[in-house]
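Chains A and B, in that order, give the protein sequences. Mind the numbering: the first sequence is residues 1238 to 1576 in the working numbering, read in order. Mind the numbering: the second sequence is residues 5 to 31 in the working numbering, read in order. Quick reminder that beta carbons are idealized off the backbone N, C-alpha and C, glycines included. Notes to accompany the following structure.
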Amino acid sequence: MARALASRMGLSALKRKQTKSFSVRIVTMDAEMEFSCEVKWKGKDLFDLVCRTVGLRESWFFGLQYNIKDTVAWLKMDKKVLDHDVCKEEPITFNFLAKFYPENAEEELVQEITQHLFFLQVKKEILDEEIYCPPEASVLLASYAVQAKYGDYDPTAHKPGFLAREELLPKRVINLYQMTPEMWEERIAAWYAEHRGRTRDEAEMEYLKIAQDLEMYGVNYFFIRNKKGTSLLLGVDALGLHIYDPQNKLTPKISFPWNEIRNISYSDKEFAIKPLDKKIEVFKFNSSKLRVNKLILQLCIGNHDLFMRRRRGDSLEVQQMKSQAREEKARKQMERQRL
Amino acid sequence: AGPKFGPYQKALREIRNSLLPFANETG
């Protein structure tokens, strides 16, 4: 109660401020920045400012995330920034992160900055073990991450021990083997040497092409209970909705592809997935909180929208971006050959 | 979509085999 009151007082104090502005800190995967926002700004005003500052045009994959109690939420574009349930202590902090994932990174991520932000986010999720990654894929991914960071392998510059300070593998993977750090480095370096000639963005794209085949890539998981009260996990991703046994986040028990879903709705805590095929039973479940329901529905709407957009073909904006990216790539390749 | 890990399958198999002799018994 006291906290809620203090938070409300904080908000009214902020709104009373003569300058009519407040400061926000934006944390991206590779930078931190501070902005002064006007009190009347909506989520979209701040989001657009961040995208412009970062130089990102493929903004539809991203969002501004904030922490709320024990969960996360995303800033709504059409709602005032200060009307969100954010901690009002300045600077108000938001994480600029990918909210939606592409079905195919190579086809859909056009700009280098988009690919780079995805690469950094996915790499962190793998190293933090939020995405399960088998040992052999961890080693191959590490070798592409090293290529992206260090450029071509050069035995005269890259002496043994050059990777000693890098975090390259999930701890779980390291613990599965009786291998010294030197032995791991030797293996990663051997594969790194194979990637000669790959530019940073090519190596990062190879990384994403491998990572996107990992079962947990791009899936948002939520604890739910079915009508019988059984604990289950709901997964929301680019392809649809998936129901998992809580002991197995890799293989769904049932999947509902977006194009086979007629309607998704909730009232209070009860969620209902209505399949297109009327012969298939409506799947009803309860999530833990109303706030979680809102987040699930937001992710469903956004992912469904992107799913449909992909099947309609590229917009003019994306066609232009792709043609610019192709020209830029060709120019860089010419430059490299000349050198 | 093609087979899982499509063109990387050979590399992944090689890495898996090279790690095998060092696997913990509990692993």
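Chain A contact for residue i (CB, 8 Å cutoff)
{"i": "residue 31 of chain B", "result": "For residue 31 of chain B, the predicted structure reports a pLDDT of 47, less than 50, and the residue's modelled location is therefore unreliable. The matter cannot be settled from this model."}
{"i": "residue 8 of chain B", "result": "yes"}
{"i": "residue 13 of chain B", "result": "no"}
7 Å Cβ cut-off: residues of chain B touching residue i
{"i": "residue 1416 of chain A", "result": "26"}
{"i": "residue 1374 of chain A", "result": "16"}
{"i": "residue 1450 of chain A", "result": "8 and 9"}
Reduced DSSP category for residue i - H, G, I as helix; E, B as strand; rest coil
{"i": "residue 1499 of chain A", "result": "strand"}
{"i": "residue 1488 of chain A", "result": "coil"}
{"i": "residue 23 of chain B", "result": "helix"}
{"i": "residue 9 of chain B", "result": "coil"}
{"i": "residue 1311 of chain A", "result": "strand"}
{"i": "residue 1269 of chain A", "result": "strand"}
{"i": "residue 1523 of chain A", "result": "strand"}
{"i": "residue 1302 of chain A", "result": "strand"}
{"i": "residue 1444 of chain A", "result": "helix"}
{"i": "residue 1480 of chain A", "result": "strand"}
{"i": "residue 1368 of chain A", "result": "coil"}
{"i": "residue 1347 of chain A", "result": "coil"}
{"i": "residue 1560 of chain A", "result": "helix"}
{"i": "residue 1494 of chain A", "result": "strand"}
{"i": "residue 1569 of chain A", "result": "helix"}
{"i": "residue 1552 of chain A", "result": "coil"}
{"i": "residue 1276 of chain A", "result": "coil"}
{"i": "residue 1414 of chain A", "result": "strand"}
{"i": "residue 1293 of chain A", "result": "coil"}
{"i": "residue 1405 of chain A", "result": "coil"}
{"i": "residue 1576 of chain A", "result": "coil"}
is_contact[residue i, chain B] using C-beta, thresh 8 Å
{"i": "residue 1377 of chain A", "result": "yes"}
{"i": "residue 1474 of chain A", "result": "no"}
{"i": "residue 1447 of chain A", "result": "yes"}
Amino acids of chain B, ordered along the chain, whose beta-carbon sits closer than 8 Å to that of residue i
{"i": "residue 1424 of chain A", "result": "19, 22 and 23"}
Residue i - containing alpha helix (DSSP H), residue span
{"i": "residue 1530 of chain A", "result": "1527-1549"}
{"i": "residue 1375 of chain A", "result": "1372-1387"}
Interface flag, residue i vs chain C, CB-CB below 8 Å
{"i": "residue 1413 of chain A", "result": "Protein chains in the displayed structure are A and B, and chain C is not among them."}
CB-CB length for residue i against residue j, believed under 8 Å
{"i": "residue 1510 of chain A", "j": "residue 9 of chain B", "result": "Residue 1510 of chain A to residue 9 of chain B, Cβ: 30 Å. No contact."}
{"i": "residue 1311 of chain A", "j": "residue 1301 of chain A", "result": "7 Å"}
{"i": "residue 1358 of chain A", "j": "residue 1266 of chain A", "result": "5 Å"}
{"i": "residue 15 of chain B", "j": "residue 1543 of chain A", "result": "Between residue 1543 of chain A and residue 15 of chain B the Cβ distance is about 31 Å, and since that is not below 8 Å, they are no contact."}
{"i": "residue 1459 of chain A", "j": "residue 1538 of chain A", "result": "Not quite, the Cβ-Cβ distance comes to about 15 Å (not below 8 Å), so this is no contact."}
{"i": "residue 1338 of chain A", "j": "residue 1455 of chain A", "result": "3 Å"}
{"i": "residue 1316 of chain A", "j": "residue 1279 of chain A", "result": "6 Å"}
Unbroken beta strand (DSSP E) run spanning residue i, endpoints
{"i": "residue 1462 of chain A", "result": "1457-1463"}
{"i": "residue 1261 of chain A", "result": "1258-1264"}
{"i": "residue 1332 of chain A", "result": "1329-1335"}
{"i": "residue 1508 of chain A", "result": "1507-1512"}
{"i": "residue 1318 of chain A", "result": "No beta strand (DSSP E) holds residue 1318 of chain A; DSSP gives it neither H nor E."}
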